[in-house]
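Shown next, in C-alpha coordinates, is the structure this report addresses.
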(Lines of atoms letter the chains of each structure in order from A and count residues from 1; the text may use other names and numbers.)
(Lines give C-alpha, C1' and ligand atoms only; values in the text may rest on other atoms or scores of the structure.)
Protein backbone atom coordinates (compact mmCIF):
# COMPACT_ATOMS: atom_id res chain seq x y z
CA UNK A 1 0.00 0.00 0.00
CA UNK A 2 1.55 3.31 -1.09
CA UNK A 3 1.21 6.53 0.94
CA UNK A 4 1.66 10.11 -0.21
CA UNK A 5 4.02 11.88 2.17
CA UNK A 6 2.53 14.77 4.12
CA UNK A 7 4.50 17.71 5.45
CA UNK A 8 4.11 19.31 8.87
CA UNK A 9 1.40 21.75 7.78
CA UNK A 10 -0.82 19.07 6.21
CA UNK A 11 -0.46 16.91 9.31
CA UNK A 12 -1.31 19.80 11.63
CA UNK A 13 -4.57 20.29 9.72
CA UNK A 14 -5.71 16.83 10.75
CA UNK A 15 -8.40 16.23 13.39
CA UNK A 16 -6.21 16.80 16.51
CA UNK A 17 -4.83 20.04 15.08
CA UNK A 18 -8.26 21.33 14.07
CA UNK A 19 -9.71 20.49 17.49
CA UNK A 20 -6.85 22.31 19.22
CA UNK A 21 -7.27 25.30 16.90
CA UNK A 22 -11.01 25.32 17.64
CA UNK A 23 -10.34 25.48 21.40
CA UNK A 24 -7.80 28.25 20.86
CA UNK A 25 -10.24 30.34 18.77
CA UNK A 26 -13.09 29.80 21.25
CA UNK A 27 -10.76 30.90 24.03
CA UNK A 28 -9.79 34.01 22.11
CA UNK A 29 -13.48 34.85 21.59
CA UNK A 30 -14.19 34.45 25.33
CA UNK A 31 -11.17 36.62 26.11
CA UNK A 32 -12.46 39.30 23.71
CA UNK A 33 -15.90 39.23 25.33
CA UNK A 34 -14.27 39.46 28.76
CA UNK A 35 -12.27 42.51 27.67
CA UNK A 36 -15.38 44.23 26.32
CA UNK A 37 -17.52 43.42 29.38
CA UNK A 38 -14.74 44.47 31.74
CA UNK A 39 -14.58 47.83 29.99
CA UNK A 40 -18.34 48.26 30.45
CA UNK A 41 -18.05 47.24 34.10
CA UNK A 42 -15.38 49.86 34.70
CA UNK A 43 -17.44 52.52 32.91
CA UNK A 44 -20.49 51.81 35.09
CA UNK A 45 -18.33 51.72 38.24
CA UNK A 46 -16.59 55.04 37.54
CA UNK A 47 -19.16 57.19 35.72
CA UNK A 48 -22.53 55.51 36.39
CA UNK A 49 -25.32 57.51 38.06
CA UNK A 50 -27.69 55.91 40.57
CA UNK A 51 -31.43 56.41 40.38
CA UNK A 52 -34.67 54.60 41.26
CA UNK A 53 -36.85 52.63 38.89
CA UNK A 54 -40.06 50.57 38.89
CA UNK A 55 -40.74 46.97 37.88
CA UNK A 56 -43.06 46.82 34.86
CA UNK A 57 -43.18 43.24 33.64
CA UNK A 58 -41.87 39.76 34.40
CA UNK A 59 -41.68 36.80 32.04
CA UNK A 60 -40.02 33.42 31.73
CA UNK A 61 -38.18 32.15 28.66
CA UNK A 62 -36.53 28.86 27.75
CA UNK A 63 -33.15 28.12 26.20
CA UNK A 64 -30.96 25.09 25.61
CA UNK A 65 -28.21 24.58 28.18
CA UNK A 66 -25.61 21.88 28.74
CA UNK A 67 -24.75 20.22 32.04
CA UNK A 68 -21.04 20.64 32.69
CA UNK A 69 -20.69 17.24 34.37
CA UNK A 70 -22.64 15.09 31.90
CA UNK A 71 -22.51 17.16 28.69
CA UNK A 72 -26.27 16.53 28.31
CA UNK A 73 -28.33 19.26 26.65
CA UNK A 74 -31.58 20.19 28.38
CA UNK A 75 -34.03 23.08 28.58
CA UNK A 76 -33.31 25.82 31.10
CA UNK A 77 -35.61 28.60 32.26
CA UNK A 78 -34.50 32.22 32.32
CA UNK A 79 -36.26 34.71 34.58
CA UNK A 80 -36.57 38.13 32.94
CA UNK A 81 -37.62 41.40 34.51
CA UNK A 82 -38.52 44.60 32.68
CA UNK A 83 -38.29 47.96 34.44
CA UNK A 84 -38.55 51.69 33.75
CA UNK A 85 -36.88 54.81 35.10
CA UNK A 86 -36.72 58.52 34.40
CA UNK A 87 -33.73 60.61 33.39
CA UNK A 88 -34.15 64.35 32.79
CA UNK A 89 -37.91 63.98 32.39
CA UNK A 90 -37.71 61.13 29.88
CA UNK A 91 -38.82 57.58 30.65
CA UNK A 92 -36.44 54.77 29.72
CA UNK A 93 -37.14 51.06 29.59
CA UNK A 94 -34.69 48.20 30.11
CA UNK A 95 -34.68 44.55 31.20
CA UNK A 96 -32.36 41.98 32.72
CA UNK A 97 -32.35 38.37 33.86
CA UNK A 98 -32.11 37.31 37.50
CA UNK A 99 -32.36 34.23 39.70
CA UNK A 100 -35.66 32.58 40.63
CA UNK A 101 -35.81 33.82 44.25
CA UNK A 102 -35.32 37.45 43.22
CA UNK A 103 -37.78 37.01 40.36
CA UNK A 104 -40.44 35.50 42.63
CA UNK A 105 -40.19 38.35 45.15
CA UNK A 106 -40.53 41.16 42.61
CA UNK A 107 -44.01 42.45 41.88
CA UNK A 108 -45.25 45.00 39.37
CA UNK A 109 -44.52 48.53 40.61
CA UNK A 110 -41.83 47.45 43.06
CA UNK A 111 -39.05 50.01 43.48
CA UNK A 112 -35.48 49.08 42.53
CA UNK A 113 -32.22 50.94 42.51
CA UNK A 114 -30.29 51.03 39.26
CA UNK A 115 -27.31 52.68 37.63
CA UNK A 116 -27.19 54.24 34.16
CA UNK A 117 -24.51 55.80 32.01
CA UNK A 118 -24.74 59.59 31.62
CA UNK A 119 -23.70 59.39 27.97
CA UNK A 120 -26.23 56.61 27.24
CA UNK A 121 -29.16 56.71 29.71
CA UNK A 122 -30.79 53.73 27.99
CA UNK A 123 -27.96 51.48 29.16
CA UNK A 124 -28.44 50.45 32.78
CA UNK A 125 -27.58 47.81 35.37
CA UNK A 126 -29.45 46.79 38.52
CA UNK A 127 -29.24 44.35 41.40
CA UNK A 128 -33.08 44.38 41.72
CA UNK A 129 -32.77 45.78 45.24
CA UNK A 130 -34.48 48.92 46.51
CA UNK A 131 -31.57 49.91 48.73
CA UNK A 132 -28.44 49.17 46.73
CA UNK A 133 -26.98 48.50 43.32
CA UNK A 134 -23.67 46.83 42.54
CA UNK A 135 -21.19 49.36 41.16
CA UNK A 136 -20.87 47.42 37.91
CA UNK A 137 -24.20 45.61 38.06
CA UNK A 138 -22.43 42.24 38.19
CA UNK A 139 -20.61 42.87 34.90
CA UNK A 140 -17.27 42.53 36.65
CA UNK A 141 -18.14 38.96 37.67
CA UNK A 142 -19.25 38.16 34.11
CA UNK A 143 -15.94 39.52 32.80
CA UNK A 144 -13.94 37.41 35.23
CA UNK A 145 -15.88 34.25 34.33
CA UNK A 146 -15.47 34.86 30.59
CA UNK A 147 -11.81 35.71 31.08
CA UNK A 148 -11.23 32.54 33.09
CA UNK A 149 -12.91 30.37 30.47
CA UNK A 150 -11.07 32.18 27.71
CA UNK A 151 -7.72 31.64 29.40
CA UNK A 152 -8.48 27.96 29.99
CA UNK A 153 -9.47 27.33 26.37
CA UNK A 154 -6.51 29.30 25.01
CA UNK A 155 -4.10 27.27 27.15
CA UNK A 156 -5.76 23.98 26.17
CA UNK A 157 -5.76 24.89 22.49
CA UNK A 158 -2.23 26.29 22.60
CA UNK A 159 -0.80 23.25 24.37
CA UNK A 160 -2.65 20.99 21.92
CA UNK A 161 -1.29 22.86 18.91
CA UNK A 162 2.26 22.76 20.26
CA UNK A 163 1.96 19.00 20.81
CA UNK A 164 0.48 18.43 17.33
CA UNK A 165 3.20 20.52 15.65
CA UNK A 166 6.02 18.84 17.58
CA UNK A 167 4.58 15.40 16.84
CA UNK A 168 4.19 16.20 13.12
CA UNK A 169 7.77 17.53 12.93
CA UNK A 170 9.00 14.38 14.64
CA UNK A 171 7.20 12.16 12.11
CA UNK A 172 8.63 14.11 9.19
CA UNK A 173 12.15 14.00 10.68
CA UNK A 174 11.96 10.24 11.18
CA UNK A 175 10.65 9.77 7.65
CA UNK A 176 13.55 11.76 6.23
CA UNK A 177 16.41 10.87 8.59
CA UNK A 178 15.27 7.67 10.27
CA UNK A 179 16.03 4.07 9.38
CA UNK A 180 13.42 2.50 7.11
CA UNK A 181 12.41 -0.97 8.25
CA UNK A 182 9.88 -3.56 7.29
CA UNK A 183 7.41 -4.69 9.94
CA UNK A 184 4.49 -7.07 10.44
CA UNK A 185 1.12 -6.00 11.85
CA UNK A 186 0.46 -8.02 15.01
CA UNK A 187 -2.95 -6.62 15.97
CA UNK A 188 -5.58 -4.01 15.31
CA UNK A 189 -6.99 -2.67 18.57
CA UNK A 190 -9.70 -0.25 19.59
CA UNK A 191 -8.75 2.89 21.51
CA UNK A 192 -10.89 4.87 23.97
CA UNK A 193 -11.11 7.88 21.63
CA UNK A 194 -13.97 8.90 19.35
CA UNK A 195 -13.72 11.48 16.55
CA UNK A 196 -16.97 12.63 14.90
CA UNK A 197 -18.67 9.82 16.83
CA UNK A 198 -16.40 7.22 15.19
CA UNK A 199 -14.24 4.96 17.34
CA UNK A 200 -10.52 5.25 16.64
CA UNK A 201 -8.28 2.21 16.13
CA UNK A 202 -4.55 1.59 15.96
CA UNK A 203 -2.20 -1.17 14.84
CA UNK A 204 0.62 -2.84 16.76
CA UNK A 205 3.63 -4.15 14.90
CA UNK A 206 7.00 -5.85 15.26
CA UNK A 207 9.69 -4.62 12.89
CA UNK A 208 12.40 -6.71 11.32
CA UNK A 209 14.84 -5.72 14.08
CA UNK A 210 12.48 -7.14 16.70
CA UNK A 211 11.30 -3.78 18.05
CA UNK A 212 7.60 -3.30 18.90
CA UNK A 213 5.53 -0.24 18.14
CA UNK A 214 2.06 1.10 17.49
CA UNK A 215 0.39 3.68 15.28
CA UNK A 216 -1.69 6.70 16.22
CA UNK A 217 -5.47 6.32 16.33
CA UNK A 218 -7.53 6.61 13.17
CA UNK A 219 -10.55 5.10 11.45
CA UNK A 220 -10.47 1.31 11.21
CA UNK A 221 -10.76 1.24 7.42
CA UNK A 222 -7.49 3.17 7.11
CA UNK A 223 -5.44 0.49 8.85
CA UNK A 224 -3.75 -2.55 7.28
CA UNK A 225 -4.90 -6.07 8.18
CA UNK A 226 -3.22 -8.23 10.80
CA UNK A 227 -0.26 -10.02 9.20
CA UNK A 228 0.28 -7.33 6.56
CA UNK A 229 3.78 -6.08 5.80
CA UNK A 230 4.24 -2.36 6.47
CA UNK A 231 7.07 0.18 6.49
CA UNK A 232 8.12 1.99 9.67
CA UNK A 233 10.81 4.61 10.33
CA UNK A 234 13.04 4.05 13.35
CA UNK A 235 15.22 6.58 15.16
CA UNK A 236 18.90 5.63 14.65
CA UNK A 237 19.68 7.01 18.12
CA UNK A 238 16.70 5.22 19.72
CA UNK A 239 15.56 8.44 21.42
CA UNK A 240 12.02 8.36 20.04
CA UNK A 241 9.51 5.70 19.08
CA UNK A 242 9.35 4.49 15.50
CA UNK A 243 6.46 5.66 13.35
CA UNK A 244 4.44 3.86 10.70
CA UNK A 245 4.53 5.46 7.27
CA UNK A 246 0.73 5.74 7.32
CA UNK A 247 0.95 8.09 10.33
CA UNK A 248 2.60 10.79 8.24
CA UNK A 249 1.06 10.06 4.87
CA UNK A 250 -2.23 9.57 3.06
CA UNK A 251 -3.30 6.81 0.71
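In this note's numbering, the protein residues as written are 261 to 511. Note that CB positions come from ideal geometry on N, CA and C, so glycine has one too. Values in this document were obtained by computation on a predicted structure and should not be read as measured data.
Rounded straight-line distance, which links the Cα of residue j to that of residue i
i	j	result
residue 501	residue 467	12 Å
residue 449	residue 399	50 Å
residue 505	residue 287	34 Å
residue 279	residue 418	11 Å
residue 404	residue 314	29 Å
residue 443	residue 485	13 Å
residue 458	residue 324	25 Å
residue 436	residue 332	46 Å
residue 470	residue 445	12 Å
residue 440	residue 426	21 Å
residue 318	residue 343	9 Å
residue 349	residue 381	12 Å
residue 340	residue 507	53 Å
residue 309	residue 397	12 Å
residue 447	residue 359	56 Å
residue 408	residue 463	39 Å
residue 488	residue 433	25 Å
Three-way DSSP call (helix, strand, coil) for residue i in this model
i	result
residue 245	With the chain covering 261 to 511 only, the question about residue 245 has no answer from this structure.
residue 446	strand
residue 424	helix
residue 480	helix
residue 485	coil
residue 393	coil
residue 527	Here the chain has residues from 261 to 511 only, and residue 527 is not among them.
residue 355	strand
residue 500	coil
residue 475	coil
residue 379	coil
residue 384	strand
residue 403	helix
Among the options, nearest to residue i - alpha-carbon criterion
i	options	result
residue 326	320, 335 and 319	335
residue 307	483, 452, 356 and 379	379
residue 478	465, 352, 451 and 411	451
residue 428	503, 499 and 305	503
residue 455	480, 361, 473 and 474	480
Residues of its chain near residue i, where Cβ-Cβ distance is below 7 Å and the 5 sequence neighbours each way are ignored
i	result
residue 414	284, 287, 288 and 291
residue 438	493, 494, 495 and 496
residue 366	315, 318, 341 and 388
residue 421	277, 280, 281 and 284
residue 424	272, 276, 277 and 280
Any non-hydrogen atom of the ligand HEM within 7 Å of residue i CB
i	result
residue 449	Judged by which ligands are present, the structure shown has none, so any question about the ligand HEM falls away.
Close Cβ partners of residue i (< 8 Å) along its chain, the five nearest in sequence each way excluded
i	result
residue 389	372 and 373
residue 369	314 and 315
residue 322	335, 336, 337 and 338
Which residues DSSP lists as bridging residue i, in chain order
i	result
residue 322	337
residue 343	315 and 354
residue 278	BP columns for residue 278 are empty, so no partner.
residue 431	Paired residue(s): none; residue 431 is not in a bridge.
Beta-carbon contacts of residue i that lie in its chain and below 6 Å, excluding the five residues immediately before and after
i	result
residue 293	406
residue 364	none
Any C-beta of chain C under 8 Å from that of residue i
i	result
residue 287	Absent from the structure: chain C. Only one protein chain is present.
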